[in-house]
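Residue numbers (the UniProt record's numbering): 1 to 215.
Every residue, glycine too, gets a C-beta built ideally from N, C-alpha and C.
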């Protein structure tokens with residue numbers, strides 16, 4: 001009997017006009033695809049920017065949104081929540097603004113609860129210092145919400161920090177050659193380890209499965 005493939009969303013959280021988030025997602029996809037194929041995991045890039053989410057203003061809080069119950073009023077809200085709930089796990093690709101995760105990232109998370117919590121999530125951040133503070137903040141939020149945050153949490157720093165390659169990313173939305181090498185080669189083992197741990201969580205029996213009677 002064949003086992004259904006699991007779905008993991010590569011969630012690009014940056015929404016700036018000039019950004020490297022999609023390029024980081026592409027780099028990660030290239031690194032992860034062989035392992036994903038071997039583990040029967042489908043990777044899908046989900047770009048937060050494409051959903052055009054406003055600042056959360058729905059009448060009902062996410063905890064009330066469930067099948068057969070109240071629903072979001074705005075189509076953008078429904079589309080985002082439905083997309084995220086359709087996946088078995090996540091890899092959040094995170095930028096850092098002013099020593100924390102961006103407002104767009106936190107706002108997007110604020111739309112989610114049912115169909116999101118209880119699932120595993122890997123955090124990959126990037127920035128001058130690898131987006132370490134955004135990564136740590138997201139870990140606290142998502143853990144408190146009931147997701148399983150995977151360790152390690154790769155921190156992808158620009159080669160030379162605030163030097164030319166850091167400025168290239170910020171002003172032109174491009175990953176410099178040395179930065180790309182640092183990330184795809186220097187961080188490869190860490191990225192693959194995080195993905196392996198994510199896969200283990202995807203395959204782990206759920207609590208409700210443990211209660212099913214034997215065949």
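Q: Using beta-carbon positions only, say whether residue 42 and residue 4 come within less than 7 Å of one another.
A: In this structure, residue 4 does not lie closer than 7 Å to residue 42 by Cβ.
Q.
What ranges does the alpha helix (DSSP H) occupy inside the region 126-205, keeping only unbroken runs of at least 4 residues that lie completely in it?
A. The qualifying runs are 132-145, 164-172, 177-181 and 188-203.
Q: State yes or no: is the C-beta of residue 127 within less than 7 Å of the C-beta of residue 96?
A: Closer than 7 Å, so yes.
Q) On the premise that residue 81 lies in contact with residue 44, defined as a C-beta separation below 8 Å, what is that separation, rounded to the nearest angstrom? A) The distance from the Cβ of residue 44 to that of residue 81 is about 16 Å, inconsistent with a contact at the 8 Å cut-off.
Q | Buried or exposed by the 16-neighbour rule on C-beta atoms within 10 Å, applied to residue 63 | A | The residue is exposed, with fewer than 16 neighbouring Cβ atoms inside 10 Å.
Q: Starting from residue 44, follow the beta strand (DSSP E) in both directions and report where the run begins and ends.
A: 41-47 is the extent of the beta strand (DSSP E) around residue 44.
Q. Can you list, in chain order, the residues of its chain whose CB lies under 6 Å from that of residue 60, leaving out five sequence neighbours each side?
A. Cβ contact annotation for residue 60 (same chain, cutoff 6 Å, sequence separation greater than five): 70, in chain order.
Q.
By the DSSP assignment, the beta strand (DSSP E) with residue 3 in it spans what residues?
A. Run containing residue 3: none; DSSP gives neither H nor E here.
Q: Quick one: grab the DSSP three-state call for residue 17.
A: In this structure, residue 17 counts as coil in the three-state DSSP scheme.
Q: Apply the 10 Å Cβ neighbour rule to residue 90 and answer buried if 16 or more other Cβ atoms are within range, or exposed otherwise.
A: Its Cβ being crowded by 16 or more others within 10 Å, residue 90 is buried.
Q | Same chain only: Cβ atoms within 7 Å of residue 56, ignoring 5 sequence neighbours per side | A | Excluding sequence neighbours, residue 56 sits near 107, 110 and 111.
Q: May I ask which residues mark the beginning and end of the beta strand (DSSP E) holding residue 109?
A: Here residue 109 belongs to no beta strand (DSSP E); instead the alpha helix (DSSP H) covers 103-110.
(Q) Does residue 135 pass the burial test, meaning 16 or more other C-beta atoms within 10 Å, or should it be called exposed? (A) Looking at its Cβ environment, which holds 16 or more other Cβ atoms inside 10 Å, residue 135 is buried.
Q.
residue 150 and residue 189 - do their beta-carbons sit closer together than 7 Å?
A. Cβ atoms of residue 189 and residue 150: not closer than 7 Å.
(Q) Below 8 Å on the Cβ atoms is my contact criterion, and I expect residue 13 with residue 21 to pass it. Report the Cβ-Cβ distance as a whole number of Å. (A) With a contact defined as Cβ atoms closer than 8 Å, residue 13 and residue 21 qualify at about 7 Å.
Q.
Spatial neighbours of residue 25 within its chain, please: C-beta separation below 6 Å, excluding the five flanking residues on both sides.
A. Sequence-distant Cβ neighbours of residue 25 in its own chain, meaning closer than 6 Å and more than five residues away, are 10, 12, 45 and 93.
Q: Starting from residue 84, follow the alpha helix (DSSP H) in both directions and report where the run begins and ends.
A: First-last of the alpha helix (DSSP H) with residue 84: 75-85.
**Q.** Spatial neighbours of residue 213 in its chain, beta-carbon cut-off 7 Å, leaving aside the 5 residues before and after
**A.** Residue placement at residue 213 cannot be trusted, given a pLDDT of 39 that sits under 50; what the coordinates show is reported in the next sentence. Cβ within range, chain order: n/a, list empty.
Q) Just how far apart, CA to CA, sit residue 118 and residue 146? A) For the pair residue 118 and residue 146, the Cα-to-Cα distance works out to about 5 Å.
**Q.** For residue 157 and residue 199, believed in contact at Cβ under 8 Å, the rounded distance
**A.** That pair is no contact at about 26 Å.
Q: Report yes if the C-beta distance between residue 138 and residue 155 is below 7 Å; otherwise report no.
A: No, Cβ-Cβ distance for residue 138 and residue 155 is not below 7 Å.
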